[in-house]
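*Asks:* One structure is given below, represented as structure tokens, and several questions about it will come after.
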Amino acid sequence: MVLLKYLFRNIFRHKLRSILTILSVSVAVLSFCLLNTIISAWYAGVSASSAYRLIVRNAISLVFSLPISYKEKIKQISGITYVAQGNWFGGIYIEEKNFFANFAVDSETFLKLYPEFIVSENEKKAFLMDRKGCLVGRKLVERFNWKIGNNVVLRGTIFPGNWEFVIRGIYRGRDKSVDESQFLFHWDYLNETLKKTSPTRADQAGYFIVGIKNPEDAAVISREIDSLFKNSLAETLTETEKAFQLSFVAMTEAIVIVIKLVSFVVIGIIFVVVANTMNMSVRERKNEYALFKMFSYGNTIIFGIILGESMLIVLTGAILGIILTFPAVKVVGDILSVYFPIFNLHREVIYESLFISFIVGILSGLIPAARSIKINLAEGLKWDL
Amino acid sequence: MAKLEKIIEIESLYKSFRKGNQIIPVLQNISFDIMDGEFLALMGPSGSGKSTLLNLIAGIDKPDSGSIFVQGIDITNLDERTLSRWRSEHVGFIFQFYNLIPVLTAFENIELPLLMMNLSAKDRKEHVDFALSIVGLYDRKDHYPKQLSGGQQQRVAIARAIVTDPSIIVADEPTGDLDKKSAEDVLNLMSELNQKFGKTIIMVTHDLRAAKYAKSMKYLDKGVLINGSAEIFI
Numbered sequence: 000m001v002l003l004k005y006l007f008r009n010i011f012r013h014k015l016r017s018i019l020t021i022l023s024v025s026v027a028v029l030s031f032c033l034l035n036t037i038i039s040a041w042y043a044g045v046s047a048s049s050a051y052r053l054i055v056r057n058a059i060s061l062v063f064s065l066p067i068s069y070k071e072k073i074k075q076i077s078g079i080t081y082v083a084q085g086n087w088f089g090g091i092y093i094e095e096k097n098f099f100a101n102f103a104v105d106s107e108t109f110l111k112l113y114p115e116f117i118v119s120e121n122e123k124k125a126f127l128m129d130r131k132g133c134l135v136g137r138k139l140v141e142r143f144n145w146k147i148g149n150n151v152v153l154r155g156t157i158f159p160g161n162w163e164f165v166i167r168g169i170y171r172g173r174d175k176s177v178d179e180s181q182f183l184f185h186w187d188y189l190n191e192t193l194k195k196t197s198p199t200r201a202d203q204a205g206y207f208i209v210g211i212k213n214p215e216d217a218a219v220i221s222r223e224i225d226s227l228f229k230n231s232l233a234e235t236l237t238e239t240e241k242a243f244q245l246s247f248v249a250m251t252e253a254i255v256i257v258i259k260l261v262s263f264v265v266i267g268i269i270f271v272v273v274a275n276t277m278n279m280s281v282r283e284r285k286n287e288y289a290l291f292k293m294f295s296y297g298n299t300i301i302f303g304i305i306l307g308e309s310m311l312i313v314l315t316g317a318i319l320g321i322i323l324t325f326p327a328v329k330v331v332g333d334i335l336s337v338y339f340p341i342f343n344l345h346r347e348v349i350y351e352s353l354f355i356s357f358i359v360g361i362l363s364g365l366i367p368a369a370r371s372i373k374i375n376l377a378e379g380l381k382w383d384l
Numbered sequence: 000m001a002k003l004e005k006i007i008e009i010e011s012l013y014k015s016f017r018k019g020n021q022i023i024p025v026l027q028n029i030s031f032d033i034m035d036g037e038f039l040a041l042m043g044p045s046g047s048g049k050s051t052l053l054n055l056i057a058g059i060d061k062p063d064s065g066s067i068f069v070q071g072i073d074i075t076n077l078d079e080r081t082l083s084r085w086r087s088e089h090v091g092f093i094f095q096f097y098n099l100i101p102v103l104t105a106f107e108n109i110e111l112p113l114l115m116m117n118l119s120a121k122d123r124k125e126h127v128d129f130a131l132s133i134v135g136l137y138d139r140k141d142h143y144p145k146q147l148s149g150g151q152q153q154r155v156a157i158a159r160a161i162v163t164d165p166s167i168i169v170a171d172e173p174t175g176d177l178d179k180k181s182a183e184d185v186l187n188l189m190s191e192l193n194q195k196f197g198k199t200i201i202m203v204t205h206d207l208r209a210a211k212y213a214k215s216m217k218y219l220d221k222g223v224l225i226n227g228s229a230e231i232f233i
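Residue numbers (numbering that gives the first Met the number 0), protein chains in the order written: chain A, 0 to 384; chain B, 0 to 233.
Put into structure tokens, the structure is as follows:
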């Protein structure tokens, strides 16, 4: 008990130094958690991917479309449940800064393929009944203060013109991994309008979403789909939804690597700061450790006292940093919501930061502790006031 | 009543320190006995080797050669672990600068040496309370060192030295940092420990007034023990 008191009270012997060290650790942990949350947000699409979905796109590039007639051919392959076509619409709401993802989709089938998009039956029915209806995510509705029945006009960039929509439904994610900031409308509305305005662009899908019965068949079905359109004018590239999402992340992988690197530099900084504090503390208290040795305290106890102090400083800072991370993630998430619609602090990040802090706590105290047990008793007992 | 049994026998003790390539002899051929219940003052000028000799007797340091028998055990032959245990059981230490831990109360400081002994919390409390009552600081047991005067801190250090009931108490300049009144109080207390509780005390000092509280004196000069009465040399 006395030794525990000694350990705790030691932390506040130099209040300013300890408080500054704890704050440094908490800022570092906060940065680590934020940076890793950004990385998670980067991979949000990948995390939300389902093994039961494949994406079929033009083998040359996603920029090129596929004939809608492919849909029926794909449906014929065994092991497939549903096929829905979709197009990236790229519409702008009032001005560019209001960016959000908007897609023209085969609505009814899309909702069957994405059961994680939760929408009430009434709203779903209203959405499916209205050709100009749209289904928007909860976060998007909150962002623009929209309500059901509101008219929304998107300025088309890929498909020029002003496109009018009526909000008929609001979807929520089944869990936190679902992007609640998408804008979905009927592919038929897009296609019929194109037939009138630019007929050459009609009956073209940007991609197909293919539902499969068994994820284990994904590779076989993918090969089968691609072989179906081999040597055609528009060859396909079929991959799992996860692989499709990863191909987007791969384009910006360098940024992710830099962020990861910075997060580990931050950990290095914590280590240096705490190791320095512990080194100073132990050097100042070498007489006390000599006293302990004189009273026959074993090296393990002295080691434990020093490591305990180091751990206590680091873990206090880490816990404070984690507590501060929650509001920080909320603020940063709101600011970056346009770029990262899913910006959630994951448990894994918290556990990782705690684990790393634990290791840093041990490593920081290790060298000072090793030095303290080597103290020459006669030298160590020479105290100066 | 004086006891005549030898408690410490020092034989042909040599100790030197290395400074770079140079070897500096600190103690040379020291031999003498200390009787049980003695209050010995070790005197000498700065650098004469008296603190080194005290450290050797207390088992804090090891000699280059020679032997120190304490109650029949040659402590120079004990391994580190055994020596450490022996030290905590048989020797109490009093330092010039008290060596109290500032973040622990007087009670906790005194309790420190007991924590490594197989004693219950109740037994430890009894020991500490008794030591505090001997030094007259029972009412200050919850005070931190900085809340106590120099004299009171030294009395806490004395309580810590006696709490394990050691047979030998070594004191290195115990009054060196105290005013005259506090120094007298501390020396009276040490005399009481010697006379009333029969503790063998070895005190290093360069203060003749302090040395006068001792029953006998030894004088060291340049690492050599000078025979004769210490007053002659001061």
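No residue lacks a Cβ here, since even glycine has one placed at the ideal position from N, Cα and C.
Roughly how many angstroms separate the alpha carbons of residue 179/B and residue 276/A, rounded to a whole number?
*Replies:* Going from the Cα of residue 179/B to the Cα of residue 276/A covers about 40 Å.
*Asks:* Shorter than 8 Å from the beta carbon of residue 352/A to some beta carbon of chain B?
*Replies:* It does not: the Cβ of residue 352/A has no partner Cβ on chain B nearer than 8 Å.
*Asks:* Interface residues of chain B around residue 287/A at Cβ under 7 Å?
*Replies:* Within 7 Å Cβ-Cβ: 100.
*Asks:* What does the Cβ neighbour count give for residue 1/B, buried or exposed, with the cut at 16 atoms within 10 Å?
*Replies:* The pLDDT assigned to residue 1/B is 48, lower than 50, so where the model puts this residue is not dependable; a value taken from the coordinates is nonetheless given after this. Exposed, because fewer than 16 other Cβ atoms sit within 10 Å of the Cβ of residue 1/B.
*Asks:* Please go through the segment 50–78 of chain A and give each complete alpha helix (DSSP H) segment of 4 or more residues, from N-terminal end onward.
*Replies:* Listed in chain order, they are 69–74.
*Asks:* Would you say residue 56/A and residue 206/A are within 8 Å of each other, going by their C-beta atoms?
*Replies:* Yes; because the gap between Cβ atoms is below 8 Å, this pair is in contact.
*Asks:* Quick one: does residue 296/A have its CB under 8 Å from some CB of chain B?
*Replies:* Closer than 8 Å: yes.
*Asks:* Measure the alpha-carbon distance for residue 49/A versus residue 264/A and round it to whole angstroms.
*Replies:* Each residue's Cα considered, the two are about 34 Å apart.
*Asks:* Which chain B residues are close to residue 377/A, counting only those with a beta carbon under 7 Å from its beta carbon?
*Replies:* Chain B residues near residue 377/A: 54, 59 and 60.
*Asks:* Should residue 323/A be flagged as near chain B, meaning a C-beta pair shorter than 8 Å?
*Replies:* No, its Cβ sits nowhere closer than 8 Å to a Cβ of chain B.
*Asks:* Short check: CB of residue 157/B to CB of residue 131/B, under 8 Å?
*Replies:* No, the Cβ-Cβ distance between residue 157/B and residue 131/B is not below 8 Å.
*Asks:* Using 8 Å as the threshold, is the segment 126–141 of chain B in touch with the segment 69–80 of chain B, meaning 3 or more CB pairs across them?
*Replies:* The answer is no - the segment 69–80 of chain B does not touch the segment 126–141 of chain B, with fewer than three Cβ pairs under 8 Å.
*Asks:* Whose Cβ in chain A lies nearer than 7 Å to the Cβ of residue 115/B?
*Replies:* By Cβ distance, chain A contributes 294, 295 and 296.
*Asks:* List the DSSP bridge partners of residue 42/B.
*Replies:* Residue 42/B is bridged to 218/B.
*Asks:* With DSSP as the reference, please indicate the residues paired to residue 22/B in a beta bridge.
*Replies:* 17/B, per the DSSP bridge assignment.
*Asks:* Are residue 170/A and residue 131/A close, meaning C-beta to C-beta below 8 Å?
*Replies:* Cβ distance not < 8 Å, so residue 170/A and residue 131/A don't count as in contact.
*Asks:* Does residue 208/B come within less than 8 Å of chain A when only Cβ atoms are used?
*Replies:* It does not: the Cβ of residue 208/B has no partner Cβ on chain A nearer than 8 Å.
*Asks:* Determine the extent of the beta strand (DSSP E) in which residue 1/A is found, giving its start and end residues.
*Replies:* Here residue 1/A belongs to no beta strand (DSSP E); instead the alpha helix (DSSP H) covers 1–10.
*Asks:* Taking C-beta to C-beta, are residue 318/A and residue 209/A nearer than 8 Å?
*Replies:* No, these two residues do not count as a Cβ contact at 8 Å.
*Asks:* Spatial neighbours of residue 246/A within its chain, please: C-beta separation below 8 Å, excluding the five flanking residues on both sides.
*Replies:* Closer than 8 Å at the Cβ level, and outside the excluded window around residue 246/A, lie 238.
*Asks:* Tell me, which residues are paired with residue 239/A by DSSP?
*Replies:* According to DSSP, residue 239/A bridges with 53/A.
*Asks:* Is the CB-CB distance between residue 162/B and residue 90/B below 8 Å?
*Replies:* No.
*Asks:* Given that a residue counts as buried once 16 or more other Cβ atoms are within 10 Å of its Cβ, and exposed if not, what is residue 250/A?
*Replies:* Answer is exposed; the Cβ neighbour count stays below 16.
*Asks:* If you measure from the beta carbon of residue 282/A to each beta carbon in chain B, is any gap under 8 Å?
*Replies:* With 8 Å as the cut-off, residue 282/A does not count as an interface residue toward chain B.
*Asks:* If you follow the alpha helix (DSSP H) that residue 54/B is in, where does it begin and where does it stop?
*Replies:* Counting along the chain, the alpha helix (DSSP H) containing residue 54/B begins and ends at 49–56.
*Asks:* Any idea what DSSP makes of residue 27/B, helix, strand or coil?
*Replies:* Residue 27/B falls in the strand class under three-state DSSP.
*Asks:* Can you tell me which of the three DSSP states residue 288/A falls into?
*Replies:* DSSP places residue 288/A in helix when its eight states are reduced to three.
*Asks:* Three or more beta-carbon pairs under 8 Å between the segment 60–69 of chain B and the segment 139–159 of chain B, yes or no?
*Replies:* These segments do not touch.
*Asks:* Verify the CB distance criterion: does residue 68/B have a CB-CB separation below 8 Å to chain A?
*Replies:* Judged by the 8 Å Cβ criterion, residue 68/B is not in contact with chain A.
*Asks:* For residue 18/B and residue 375/A, I'd like the C-alpha separation in whole angstroms.
*Replies:* Cα to Cα, the separation comes out at about 15 Å.
*Asks:* Mind checking if residue 15/B is an interface residue toward chain A, Cβ cutoff 8 Å exclusive?
*Replies:* It does not; no Cβ of chain A falls within 8 Å.
*Asks:* Residues of chain A with CB closer than 8 Å to the CB of residue 111/B, please, in chain order.
*Replies:* The answer, in chain order, is 1, 290, 291 and 294.
*Asks:* Could you work out which residue in 102/B, 32/B and 20/B is closest to residue 10/B when comparing CA atoms only?
*Replies:* When each option's Cα is compared against that of residue 10/B, the closest is 32/B.
*Asks:* Residue 108/A: buried (16+ other C-beta within 10 angstroms of its C-beta) or exposed?
*Replies:* When all chains shown are included, residue 108/A counts as buried.
*Asks:* Is it right to say residue 350/A is buried, meaning 16 or more other beta carbons lie within 10 angstroms of its own, or is it exposed?
*Replies:* Residue 350/A is exposed by the Cβ-count criterion.
*Asks:* Would DSSP call residue 159/B helix, strand or coil?
*Replies:* Correct three-state label for residue 159/B: helix.
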